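Undergrad: Here's a structure for you.
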Amino acid sequence: MQQTRTFTDKILLVLKGLAMGAANKVPGVSGGVVAFVAGFYEEFIYSLQKVNIKAFKLLISGRFRSLYRYLNGRFLGLLILGMLISYFSVSKILDYLIVHFELYVWSAFFGMIIGSIYYISKDFDEWDRNSVIFALLGIICGIGISFLEPARENDNLWFVFICGMISVSGMTLPGLSGSFILILLGNYVLLLVDSVNALYDTMAEIILLDFSFIDNSERIRMLQVLFVFAAGSLAGLVSLSHLLGYVLKTRKKETFAVIIGFIAGSLGVVWPWKEKIYKLNDAGEILIDREGNKIIDNYDRFLPQFDSSETWLAVFFILIGIFIVLGLAWYENRNSRK
195 MQQTRTFTDK
205 ILLVLKGLAM
215 GAANKVPGVS
225 GGVVAFVAGF
235 YEEFIYSLQK
245 VNIKAFKLLI
255 SGRFRSLYRY
265 LNGRFLGLLI
275 LGMLISYFSV
285 SKILDYLIVH
295 FELYVWSAFF
305 GMIIGSIYYI
315 SKDFDEWDRN
325 SVIFALLGII
335 CGIGISFLEP
345 ARENDNLWFV
355 FICGMISVSG
365 MTLPGLSGSF
375 ILILLGNYVL
385 LLVDSVNALY
395 DTMAEIILLD
405 FSFIDNSERI
415 RMLQVLFVFA
425 AGSLAGLVSL
435 SHLLGYVLKT
445 RKKETFAVII
455 GFIAGSLGVV
465 WPWKEKIYKL
475 NDAGEILIDR
485 EGNKIIDNYD
495 RFLPQFDSSE
505 TWLAVFFILI
515 GIFIVLGLAW
525 YENRNSRK
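For the sequence shown, my numbering begins at 195 and goes up steadily by one.
Printed below as a string of structure tokens:
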């Protein structure tokens, strides 16, 4: 499914990776939705499927150019480049906006998901009783996940590996947020805050030629946790892409129906009107991340009051989110017809 891309296409693909990376960072938002709406979801899944025994043989035999072509390296490389740029730029801006303009950010995401549901479902012309059943199952699963209570933190390495496999679902399964899944599994702080901070501190010390961390058992443990989590994420990315590639080939209609349902069900996670429940330590104090932000444990949702300008402004941002998705989809369709 490799495609010939112009320079503009390559720039757009980096921007799509940037959007996908930013979406993956936010609990409740799925990067897979970006891939689905932006029209590269199937190519993304089929490219990941190429990470297999043949690719491994090409790697160990030193045939790097053949490996690059086999893996659809240009596509994956540009997409990953966008995600990396996002991690050091857009996601940081997003963090700031969520802290200072939380209601409006969630409203925009809520609108973007509504726009995504409309955009995906309007071209899905194979609705029958079977498709409706699968879509309803997706909705029920999405809503059910959004209202689960978080588990307690668990740093057992086997469980961390499983967390990695499950959390990467946000990239491959639209509507399922990997960050939110980690919150439910109780390991969001451990895997996306503590272990990442440990890696940051270690790299900073190595640059300064300070290797004292070797004698720090807690630091070594956090680095082990991060390594196992990364290995689990890679294993999950490859295995889930193979599974999704198979069902897309054999049950494409049902798969798309479930994805539409999942995305619809995820609206419960990104519901704008909610109150944060913060993560506490053993002393009952609110945990703080490196940037000084309080760490979220879950949300308590409530209905909006339409007697305030804040609520109506949030509704305005929902409409903005809808028009952003539909506008980008229109632009993508116009380019594809040229």
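The beta carbon of each residue, even a glycine, is placed where N, CA and C say it ideally should be. Bear in mind the structure is a predicted one, so any value in this text is a computation, not a measurement.
(1) Quick one, which of GLU236, SER260, VAL223, LYS204 has its alpha-carbon nearest LEU442's?
(2) With a cut-off of 8 Å, do at least 3 Cβ pairs link the region 452-465 to the region 269-279?
(3) Ordered along the chain, which non-local residues of its own chain (more than five positions away) have a Cβ less than 6 Å from that of ILE516?
(4) Can you tell me which of the three DSSP states LYS470 falls into?
(5) Specify the secondary structure class of LYS488 as computed by DSSP and reduced to three states.
(6) Which residues bound the alpha helix (DSSP H) around GLY336?
(7) At the level of alpha carbons, what is the spacing between LEU209 and ALA477?
(8) With a 10 Å radius around its C-beta and 16 neighbouring C-beta atoms as the bar for buried, classify THR444 as buried or exposed.
(9) Is the beta carbon of GLY256 closer than 9 Å to that of GLY332?
(10) If we ignore side chains and look at the alpha-carbon of each, how far apart do GLY538 and PHE405 end up?
(11) List the residues that DSSP assigns as beta-bridge partners of ASP494.
(12) Going by CA-CA distance only, name the one from SER241, LEU273, VAL228, PHE341 that's closest to ARG495.
(13) Evaluate contact between the region 398-412 and the region 424-444, counting only Cβ atoms and requiring at least three cross-stretch pairs below 8 Å.
(14) Give the DSSP bridge partners of ILE480, in chain order.
(15) Taking all protein chains shown into account, decide if VAL227 is buried (16 or more other Cβ within 10 angstroms of its Cβ) or exposed.
(16) On the three-pair Cβ rule with 8 Å, is the region 287-301 touching the region 419-427?
(17) According to DSSP, is GLU412 helix, strand or coil?
(18) Can you find the residues in the same chain that come closer than 8 Å, C-beta to C-beta, to GLU347, ignoring five residues on each side of it along the sequence?
(19) The alpha helix (DSSP H) spanning LEU242 covers which residue range?
(20) Would you report the Cα separation of ARG263 and ILE482, rounded to the nearest angstrom?
(21) Is THR200 helix, strand or coil by DSSP?
(22) Is LEU278 helix, strand or coil when you go by DSSP?
(23) Roughly how many angstroms separate the alpha carbons of ILE254 and LYS316, rounded to a whole number?
(24) Does the distance from the C-beta atom of LEU497 to that of TRP467 stay below 9 Å?
(25) Can you tell me where the alpha helix (DSSP H) holding LEU265 begins and where it ends?
TA: Let me spell this out:
(1) Selected option, being the one with the closest Cα: GLU236.
(2) Segments in contact, no.
(3) In the same chain as ILE516, and ignoring 5 residues on each side of it, the C-beta atoms closer than 6 Å to its own belong to GLY305, ILE308, GLY309, in chain order.
(4) In the structure shown, LYS470 adopts extended strand secondary structure according to DSSP, grouped into three states.
(5) Residue state, collapsed to three classes: strand.
(6) In the DSSP assignment, GLY336 falls within the unbroken alpha helix (DSSP H) covering 323-340.
(7) Roughly 43 Å separates the two Cα atoms.
(8) By the neighbour-count rule (16 or more Cβ atoms within 10 Å), THR444 is not buried but exposed.
(9) When the beta-carbon positions are compared, GLY332 and GLY256 stay at least 9 Å from each other.
(10) A question about residue 538 goes unanswered here, because the residues of the chain that appear run from 195 up to 532.
(11) The partner list for ASP494 (beta bridge, DSSP) reads GLU469.
(12) Each of SER241, LEU273, VAL228, PHE341 was checked against the Cα of ARG495, and the nearest Cα belongs to PHE341.
(13) No, the region 398-412 is not in contact with the region 424-444.
(14) Its beta-bridge partners are LEU474.
(15) Flag for VAL227 reads buried.
(16) Touching, no.
(17) In the three-state scheme derived from DSSP, where H, G and I count as helix and E and B as strand, GLU412 is classed as helix.
(18) Annotation for GLU347: GLY380, ASN381, VAL383, LEU384 place their beta carbon closer than 8 Å to its own, counting only its chain and skipping 5 residues before and after.
(19) 235-243 is the span of the alpha helix (DSSP H), which, as asked, contains LEU242.
(20) Approximately 44 Å between the Cα atoms of the pair.
(21) Residue state, collapsed to three classes: coil.
(22) Helix at LEU278.
(23) Between ILE254 and LYS316, the C-alpha separation is close to 46 Å.
(24) LEU497 is a Cβ neighbour of TRP467, given a cutoff of 9 Å.
(25) Secondary structure note for LEU265: it is in no alpha helix (DSSP H), with a DSSP letter that is neither H nor E.
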